[in-house]
Ligand code: BG6
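Numbering (the working numbering), first residue to last: 7 to 492.
Here's what the structure looks like:
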């Protein structure tokens, strides 16, 4: 069990905090993982009265928790952990003094987590005030959200500024995809089962697809999203991190250093995509009006209300130039307003080397390992098997299915933010990102952005589809096909 901790959420009234961070803490409480004596301090710019803010949190929980998770009794006790404060995050004011008094009313070695749910541009100045106020103790950690910066250079400026006040081991760069249970299971699957690890290279694997499709559009984030686009918002972080976990070598041990070292090697081995490589291997798309689940939805430009070339879809054919993966394409894809919400990793194996069956017994489909992160968490392995309802030899594909949502105990809610916030409180950085990884990921992304800024426009796709046709052609060039759910 964790020791009591204080978590200060700067930007505590914002979208991320209300939708994800505070529900995550509520779940931690329900599961008995929020130790008595801990305090949750959401800071907001203005606070008319505390009760009003706490009621906003209450409403947020009811809206964003799953069915049956919320109940009045738990809320009543949980709400007592919450101590909202009004603070100007970049300048000393009375709010800061109140924060100092609150934090210093407990033992100086109590674990402190400063969660910066703020625009990256103010990570530095907020850290500076934390230092000025003498609030950074040896048991303090700072959690910062992705994407850090808009390019490699701006990320370095932000990382360097935060590093003036916090040591690298105190900086927890969060990528919530790493907190998803199935993502951790991917490591368990690879490194604790001999059958997978021995079949995990270019000799047996034909191609790997990593796809995160979303049905939501711009939501309320026009200001951020139109400047970022899918490449910065999803590929630079979530997709590249998943790629690292799929492709990395086994770490010596499960320490943060060992894991990060192996992930970094993957990022360093990514074949750079520059100039015409970008045209050949990267597709950018933007949605136009279409139909999603029987409802007509507007296009990106209608939602935005102005002209824009920002991409809402990206598909990439990536190559990892190392001994294990030489020649295996890694297809990365993400998009908004796509046909289904789904995040999955598909490992497609090579065909059998010699087919002993006649054509009329059925085609031999390649084995596939499907690691699904959402909407449900599962791991499936498709195999060929003999049909049982026929005397003739007839083959059919069958699926071994490990349904992780069913197998977990009732009280456990898989919640990436909960896991990672508790890891930060427990000072466990294994699932957080090192500065060098951020730098290397940007080094791969920057030339793509540069090329796009110079020329071209996104290919259009109808909302409610799987993206532009050019994304299908990208795979067809090598005889592959996206494996679309449903
Ligand atoms: C965030 C992106 O990091 O991840 C959002 O900024 C995206 O644009 C979200 O919608 C997706 O997360 P999840 O866990 O819902 O797949």
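Quick reminder that beta carbons are idealized off the backbone N, C-alpha and C, glycines included.
Cα-Cα separation between residue 280 and residue 453, rounded to whole angstroms: 6 Å
Taking residue 95 as the reference, which of 89, 88, 103 has the closest Cα? 103
To the nearest angstrom, how far is it from the Cα of residue 43 to the Cα of residue 97? 29 Å
Taking the alpha-carbon positions, what's the residue 142 to residue 79 distance? 35 Å
Tell me whether residue 421 counts as near ligand 1, meaning its Cβ is closer than 7 Å to at least one heavy atom of that ligand. no
On the DSSP letters alone, give me the boundaries of the alpha helix (DSSP H) that residue 223 sits inside. Residue 223 -> no alpha helix (DSSP H), and no H or E assigned at all.
Ligand 1 and residue 69: does any heavy atom of the ligand fall closer than 7 Å to the residue's C-beta? no
Assuming residue 385 and residue 195 make a contact with CB atoms under 8 Å, what is their CB distance in whole Å? 7 Å
Put residue 172 into one of helix, strand or coil per three-state DSSP. coil
I'd like to know whether the C-beta atoms of residue 371 and residue 403 end up nearer to each other than 8 Å. yes
Just to confirm, is the Cβ distance from residue 289 to residue 324 under 8 Å? no
Which residues in the same chain as residue 138 place their Cβ atom closer than 7 Å to its Cβ, once the five residues preceding and following it in sequence are excluded? 98
Between which two residues does the alpha helix (DSSP H) holding residue 266 run? 262-275
Say the cut is 7 Å; is the CB of residue 240 nearer than that to a heavy atom of ligand 1? yes
Kindly confirm or deny that the region 297-310 and the region 473-484 touch, where touching means at least three C-beta pairs closer than 8 Å. no
Which runs of the beta strand (DSSP E) fall wholly inside the region 13-87 and span at least 3 residues, in chain order? 45-50
Residues in its own chain within less than 7 Å of residue 327 by CB, not counting five upstream and five downstream? 275, 277
Verify the contact flag: residue 222, CB atom, against every heavy atom of ligand 1, threshold strictly below 7 Å. yes
Alpha helix (DSSP H) segment containing residue 190, residue limits: 187-197
Any non-hydrogen atom of ligand 1 closer than 7 Å to residue 176 Cβ: no
Relative to the C-alpha of residue 130, which candidate in 391, 144, 485, 149 has its C-alpha closest? 149
Leaving aside the five residues before and after residue 266 along the sequence, list all residues of the same chain whose C-beta is less than 7 Å from its C-beta, in chain order. 440, 443
Anticipated Cβ contact below 8 Å, residue 162 with residue 445, distance rounded: 7 Å
Residue 49 burial status per 10 Å Cβ neighbour count (16 or more: buried): buried
State yes or no: is the C-beta of residue 385 nearer than 7 Å to some heavy atom of ligand 1? no
What is the rounded straight-line gap between the Cα of residue 391 and the Cα of residue 401? 6 Å
Taking only three categories from DSSP, how would you classify residue 296? strand
So does the region 247-255 actually touch the region 189-204, counting three or more Cβ pairs closer than 8 Å? yes
Buried or exposed: where does residue 30 fall if 16 or more other Cβ atoms within 10 Å of its Cβ makes it buried? buried
In the DSSP assignment, what residue or residues form a beta bridge with residue 403? 390
Check each candidate in 211, 347, 468 and name the one with the smallest Cα separation from residue 358. 211
Could you check whether the region 237-248 touches the region 361-375, counting it as contact only if at least three pairs of C-beta atoms, one from each stretch, sit closer than 8 Å? no
So, helix, strand or coil for residue 255, using DSSP? coil
Write down every uninterrupted run of the alpha helix (DSSP H) in the region 279-343 whose length is 4 residues or greater and which is fully enclosed by it, in chain order. 282-287, 306-310
Look at the Cβ atom of residue 184, then the Cβ atom of residue 437, and state whether they are nearer than 8 Å. yes
Tell me the start and end of each unbroken alpha helix (DSSP H) in the region 88-164 that is at least 4 residues and wholly inside, in chain order. 100-110, 129-138
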